[in-house]
Amino acid sequence: MRRISVFGATGSIGESTFDLMMRAGGPEAFHTVALTGGRNVTRLAEMARALRAGVAVTAHDDCLPALRDALDGSGITAAAGPEALLEAADRPADWVMSAIVGAAGLAPGFRALRHGTTLALANKESLVTAGPLLMAEAARHGARILPVDSEHSAIFQALVGEDLAAVERIVLTASGGALRDWPLDKLAKATVAEALAHPNWSMGPRITIDSASMFNKALEVIETREYFGVAPEQIEVIIHPESIIHSMVGYRDGAIMAHLGAADMRHAIGYALNWPERGELPVARLDFAALGRLSFRAPDEARYPALRLAREVMAVRGQAGAAFNAAKEIALDHFIGGGVGFADMAGIVEDTLAALSRETGLGNAPMSLQEVLAADLRARALATGIASDLAARRAG
Ligand code: NAD
Ligand code: MG
Numbered sequence: 001m002r003r004i005s006v007f008g009a010t011g012s013i014g015e016s017t018f019d020l021m022m023r024a025g026g027p028e029a030f031h032t033v034a035l036t037g038g039r040n041v042t043r044l045a046e047m048a049r050a051l052r053a054g055v056a057v058t059a060h061d062d063c064l065p066a067l068r069d070a071l072d073g074s075g076i077t078a079a080a081g082p083e084a085l086l087e088a089a090d091r092p093a094d095w096v097m098s099a100i101v102g103a104a105g106l107a108p109g110f111r112a113l114r115h116g117t118t119l120a121l122a123n124k125e126s127l128v129t130a131g132p133l134l135m136a137e138a139a140r141h142g143a144r145i146l147p148v149d150s151e152h153s154a155i156f157q158a159l160v161g162e163d164l165a166a167v168e169r170i171v172l173t174a175s176g177g178a179l180r181d182w183p184l185d186k187l188a189k190a191t192v193a194e195a196l197a198h199p200n201w202s203m204g205p206r207i208t209i210d211s212a213s214m215f216n217k218a219l220e221v222i223e224t225r226e227y228f229g230v231a232p233e234q235i236e237v238i239i240h241p242e243s244i245i246h247s248m249v250g251y252r253d254g255a256i257m258a259h260l261g262a263a264d265m266r267h268a269i270g271y272a273l274n275w276p277e278r279g280e281l282p283v284a285r286l287d288f289a290a291l292g293r294l295s296f297r298a299p300d301e302a303r304y305p306a307l308r309l310a311r312e313v314m315a316v317r318g319q320a321g322a323a324f325n326a327a328k329e330i331a332l333d334h335f336i337g338g339g340v341g342f343a344d345m346a347g348i349v350e351d352t353l354a355a356l357s358r359e360t361g362l363g364n365a366p367m368s369l370q371e372v373l374a375a376d377l378r379a380r381a382l383a384t385g386i387a388s389d390l391a392a393r394r395a396g
């Protein structure tokens, strides 16, 4: 039986992974090594019981007593905290889902690679912050990384049997998020609730807001560059409001291969779970006559400064990805907390990158995970200062 661990099991990707595992036979089909979650220990314990997991880990030490209670009599080990997450990643598994949100997902996934596992990578932040190190770590240990972001799964599938050298362009599709049809002058006043109303995809709250600001697509452009090794100028972004085409690969003969399907993350998760085979998946089938047409439009850079910043990050590389992601996480925290506006987030990230660049430069490539985490912390401290100053000015 395949040994499986799911990091971030209680999140949106984690729930979809759990759903596919249960449909495939649950504990009869998989040996579940570890499941991890955050504060929702009731749900985590339910999932751990259903899959008869070896260990369940909450990210928060103060949640350990509640997790222990919820697992009472099950024989499942309860654990808590960042160290316990790494310990869970050290438990040998054949397939590990990396679906913690944010830079917090980097260390556990990185650790799992050491054991030669197949890492199903939803946590795009891992590639944005530490792409070269992560890919090298996988190669060193004969581990495989399978993309789970829908765009990257689409590209991966469009590349099957093809020569990467024949690729001319990669076209990332973007829904445009909740605010895509808002006039530019109204955008600055968008509330958290408005940014959370995604037209097509049901996802965790942070990535949903990142979709509206296009920071999600900015992360994905960098993710594409790091995972597939293509040059930044080969990567294009196109707004495709229907989210039916999940992304495309263009070859030097002008041919385009695309992945189409319903806007359901179980496409990408299921592909990674069944890889290299294709299994049945409970996703809606496309009805082209009902769809009628698919539409496209170029993203407006004035509206989406995040896309320009992604280009700058790719030009510098080094620690820029870690700093970009960390500053974005802090800016998002401040937007969610109500201190700054929707349109302020890009400015906070840009100012953080500029300040770091003046301070010590961003070009030095991190040589270890510790150096990535140090760059992340440095950017968080600076971004917090910048965001707090801005919030004080906005309030004052
Ligand atoms: P989510 O917020 O729904 O779930 C996040 C999970 O991580 C939860 O289990 C939570 O308990 C856990 N978590 C949060 N903070 C943590 C911390 N500091 N330490 C340990 N665990 C922590 O998020 P999601 O939407 O499922 O996204 C997960 C990842 O997948 C993100 O990197 C996201 O960008 C990526 N992704 C998500 C989707 C989607 O459809 N939701 C699509 C593509 C990529
Ligand atoms: Mg995506």
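The letter at position 282 of the sequence shown is residue 282 when you use full-length UniProt numbering, and the numbering goes up by one with no holes. Ideal Cβ placement from N, Cα and C applies to all residues, glycine included.
If I'm right that T224 touches I155 with Cβ under 8 Å, what's the distance once you round it to whole angstroms? Along the sequence shown, one-based indexing puts residue 224 at 224. Along the sequence shown, one-based indexing puts residue 155 at 155. Yes, they are in contact, since the Cβ atoms of T224 and I155 sit about 7 Å apart, within 8 Å.
In chain order, which beta strand (DSSP E) runs of at least 3 residues are fully inside the region 10–78? If only complete runs of 3 or more residues are kept, the region 10–78 shows the beta strand (DSSP E) at 30–37 and 55–58, in order along the chain.
What number of angstroms, rounded off, separates the C-alpha of A387 from the C-alpha of V340? What you label residue 387 is simply residue 387 of the sequence shown in a count that begins at 1. What you label residue 340 is simply residue 340 of the sequence shown in a count that begins at 1. A straight line joining the alpha-carbon of A387 with that of V340 spans about 7 Å.
Start and end residues, alpha helix (DSSP H) containing L382: Sequence index remark: in the sequence shown, residue 382 carries index 382 (1-based). That run of the alpha helix (DSSP H) goes L369 to A395.
Within 10 angstroms of its Cβ, does L134 collect 16 or more other Cβ (buried), or is it exposed? Numbered from 1 along the sequence shown, position 134 holds the residue referred to as residue 134. L134 comes out buried.
Check whether S153 and P241 have beta carbons under 8 Å apart: As a position in the sequence shown, residue 153 is number 153, starting the count at 1. As a position in the sequence shown, residue 241 is number 241, starting the count at 1. Remark: C-beta atoms of S153 and P241 do not approach each other more closely than 8 Å.
Using only Cβ atoms and a threshold of 7 Å, which residues come within that distance of a heavy atom of the ligand MG? Order them by chain position. Working through the chain, the matches are D149, S150, E151, N216 and E220.
Under a three-way DSSP split, which group does I244 fall into? Sequence index remark: in the sequence shown, residue 244 carries index 244 (1-based). If DSSP states are grouped into helix, strand and coil, I244 belongs with coil.
If we ignore side chains and look at the alpha-carbon of each, how far apart do T129 and R380 end up? Counting from one through the sequence shown, the residue named residue 129 turns up at place 129. Counting from one through the sequence shown, the residue named residue 380 turns up at place 380. Their Cα atoms are separated by approximately 13 Å.
Take every Cβ of the region 247–261, pair it with every Cβ of the region 166–173, and state whether three or more of those distances are shorter than 8 Å. yes
With 16 as the cutoff for other CB atoms within 10 Å, does P305 come out buried or exposed? Taking the first residue of the sequence shown as position 1, residue 305 is located at position 305. Buried, since its Cβ has 16 or more Cβ neighbours within 10 Å.
Which residues in the same chain as L20 place their Cβ atom closer than 7 Å to its Cβ, once the five residues preceding and following it in sequence are excluded? As a position in the sequence shown, residue 20 is number 20, starting the count at 1. Excluding positions up to five away in sequence, the list reads R266, I269, G270 and L273.
Assign P92 to one of three DSSP states: helix, strand, or coil. Numbered from 1 along the sequence shown, position 92 holds the residue referred to as residue 92. DSSP places P92 in coil when its eight states are reduced to three.
Is Y304 helix, strand or coil by DSSP? Here the question's residue 304 lines up with position 304 in the sequence shown. Correct three-state label for Y304: coil.
Unbroken alpha helix (DSSP H) run spanning T352, endpoints: Mapped onto the sequence shown, residue 352 falls at position 352. That run of the alpha helix (DSSP H) goes D344 to E359.
Sort P65, A112 and N40 by Cα distance to V34 and report the nearest one. For the purposes of this step, residue 34 is taken as the residue at position 34 of the sequence shown. For clarity, residue 34 is Ala in the given sequence; the question names Val instead. Measuring from the Cα of A34, the nearest candidate turns out to be A112.
Is the number of C-beta pairs between the region 204–211 and the region 279–292 that are closer than 8 Å three or more? no
Ignore the nearest five residues each way along the sequence and tell me which others in L44's own chain have a CB closer than 6 Å to its CB. Along the sequence shown, one-based indexing puts residue 44 at 44. For L44, where only same-chain residues beyond five positions count, the Cβ hits under 6 Å are T10, G37 and A56.
Please state the DSSP three-state secondary structure of S5. As a working mapping, residue 5 is identified with position 5 in the sequence shown. Note: S5 maps to strand in three-state DSSP.
Beta-carbon separation (whole angstroms), T58 vs V41, contact threshold 8 Å: If you number the sequence shown from 1, residue 58 lands on position 58. If you number the sequence shown from 1, residue 41 lands on position 41. 5 Å between Cβ atoms; contact.
Under DSSP, the beta strand (DSSP E) around I238 begins and ends at which residues? Sequence index remark: in the sequence shown, residue 238 carries index 238 (1-based). Segment I235 to I239, the beta strand (DSSP E) holding I238.
Helix, strand or coil at G337 according to DSSP, with G and I counted as helix: Reading the sequence shown from its first residue, position 337 is the one you call residue 337. Looking at G337 - three-state DSSP - the assignment turns out to be helix.
Taking DSSP's pairing of strands, which residues face S295 in a bridge? For the purposes of this step, residue 295 is taken as residue 295 along the sequence shown, with counting starting at 1. Per DSSP, none; premise fails for S295.
For A136 and L179, the rounded distance between their alpha carbons: Here residue 179 refers to the residue found at position 179 when the sequence shown is read from its first residue. Here residue 136 refers to the residue found at position 136 when the sequence shown is read from its first residue. Going by the C-alpha atoms only, they are around 38 Å apart.
Does the beta-carbon distance from L71 to A48 come in below 8 Å? Locating residue 71 in the sequence shown gives position 71, where the first residue counts as 1. Locating residue 48 in the sequence shown gives position 48, where the first residue counts as 1. A Cβ-Cβ contact shorter than 8 Å links L71 with A48.
Going straight from the alpha carbon of D210 to that of G363, what length do you get? If you number the sequence shown from 1, residue 210 lands on position 210. If you number the sequence shown from 1, residue 363 lands on position 363. Their Cα atoms are separated by approximately 25 Å.
Starting from H259, follow its DSSP beta bridges and name the residues at the other end. If you number the sequence shown from 1, residue 259 lands on position 259. Answer is S247, bridged to H259.
So the candidates are L196, G102 and I4; which of them puts its Cα closest to the Cα of E28? Position 28 of the sequence shown, counting from 1, holds the residue named residue 28. Looking at the Cα atoms, I4 is the closest of the given residues.
What does the alpha-carbon distance come out to for the pair E162 and Q234? Here the question's residue 162 lines up with position 162 in the sequence shown. Here the question's residue 234 lines up with position 234 in the sequence shown. Near 17 Å, if we compare the C-alpha coordinates of Q234 and E162.
By DSSP, does L119 sit in helix, in strand, or in coil? Working through the sequence shown from its first residue, we reach residue 119 at position 119. Of the three classes helix, strand and coil, the one that applies to L119 here is strand, per DSSP.
Taking 7 Å as the cut-off, is the C-beta of V41 nearer than that to any heavy atom in the ligand NAD? For the purposes of this step, residue 41 is taken as the residue at position 41 of the sequence shown. Not so, every heavy atom of the ligand NAD lies at least 7 Å from the Cβ.
Among residues of its own chain, excluding the 5 on either side of G81, which ones have a beta-carbon nearer than 6 Å to its beta-carbon? Taking the sequence shown and counting its residues from 1, the one referred to as residue 81 is at position 81. Closer than 6 Å at Cβ, skipping near neighbours: D61.
CB-CB length for A327 against T352, believed under 8 Å: Counting from one through the sequence shown, the residue named residue 327 turns up at place 327. Counting from one through the sequence shown, the residue named residue 352 turns up at place 352. A327 to T352, Cβ: 4 Å. Contact.
Tell me, please, whether the region 185–197 touches the region 286–295 by the rule of three or more beta-carbon pairs shorter than 8 Å. no
With which residues is I145 paired in a DSSP beta bridge? Position 145 of the sequence shown, counted from the start, is the residue given in the question as residue 145. Paired residue(s): L119.
What are the start and end residues of the beta strand (DSSP E) that includes L172? Residue 172 sits at position 172 when you count from the first residue of the sequence shown. Element bounds for L172: V167 to A174.
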